[in-house]
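When we follow our numbering, the leftmost residue of the sequence shown carries the number 33, and every step to the right adds one. Beneath this line is the structure, given in structure tokens, with notes to follow.
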Amino acid sequence: MASKLALVVALASVLCLGLTASAAAVPQGVTGKRAAEPVARTATTSALIASAGACPTQTSLASPPATQEQAMLCMTNFARAGAGLGPLGAAEPLASSAREKATDVVRCDSFSHFACGRDFTYWMRASGYIGDQCWRAGENLAWGSGEYGSVRSIFRAWMSSPTHRRNILGDYDEVGIGLMAGPVEGHDAARVWAAHFGTHC
């Protein structure tokens, strides 16, 4: 079966207690705060992609999932540094929610922000990251089979998509990254990636 790559993005924000989150499953419908966008225009995508020396194991499919997730964090913060932005801190609640989301995509064979019938913020709430305080959150999803499932391939695809790139270079403080392997859309060895971005305002 041919290798494949697929992407999807969502963004939500709550400005104060009592407002509801808004999410967009279609990239063209994503709206939100774009503070980093002017900075992002000054750097080409290729200049924001880390070399293998800067972020090791970005092409290895055999490394443990935690090692690959760390490589994705490295790629993310390399891109942010290149765009003149501060690094995102690793947040365990967001990492937990990202892993659960990737698991949902595989478990329900549903490549969607609403996999298994859950809102895209469901696992962020369940992990305790989203609560009563003011928050903003975004989600990038992707899956790839074969070499298209590597850290480098997924990250390059995200950075080539304006909406995914906006989350990576967005006005967030923290990120959690999850990787899950399993069958998706007829591909038995798909590698599903989820990145959960967040900040408490």
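All C-beta atoms, glycine included, are put in the ideal place defined by N, C-alpha and C.
Item                                                                                                                                                                    : Value
Could you check whether W190 and N172 sit closer than 8 Å to each other, using their CB atoms as the reference points?                                                  : yes
State the start and end residues of the unbroken beta strand (DSSP E) segment that holds I209.                                                                          : 206-216
Assuming V183 and A122 form a contact by the criterion Cβ under 8 Å, report the distance between their Cβ atoms to the nearest whole angstrom.                          : Between A122 and V183 the Cβ distance is about 15 Å, and since that is not below 8 Å, they are no contact.
DSSP three-state label for L173, please.                                                                                                                                : strand
Determine the direct distance from the alpha carbon of V224 to that of S218, and round the result to whole angstroms.                                                   : The sequence given here has Gly at residue 218, not Ser. The alpha-carbon atoms of G218 and V224 are separated by roughly 13 Å.
What's the C-alpha gap between Y204 and A227?                                                                                                                           : 12 Å
Can you list, in chain order, the residues of its chain with a C-beta nearer than 7 Å to that of W130? Leave out the 5 residues immediately preceding and following it. : First, the amino acid is wrong: residue 130 is Ala here, not Trp. Taken in chain order, the residues that qualify are G208, I209, G210, A226, A227, H228.
If you draw a straight line from the alpha carbon of A213 to that of A222, how long is it in whole angstroms?                                                           : 6 Å
Could you tell me the distance, in whole angstroms, from the CA atom of L201 to the CA atom of T231?                                                                    : 13 Å
Distance check for A174 and S142, CA to CA, integer angstroms please.                                                                                                   : 12 Å
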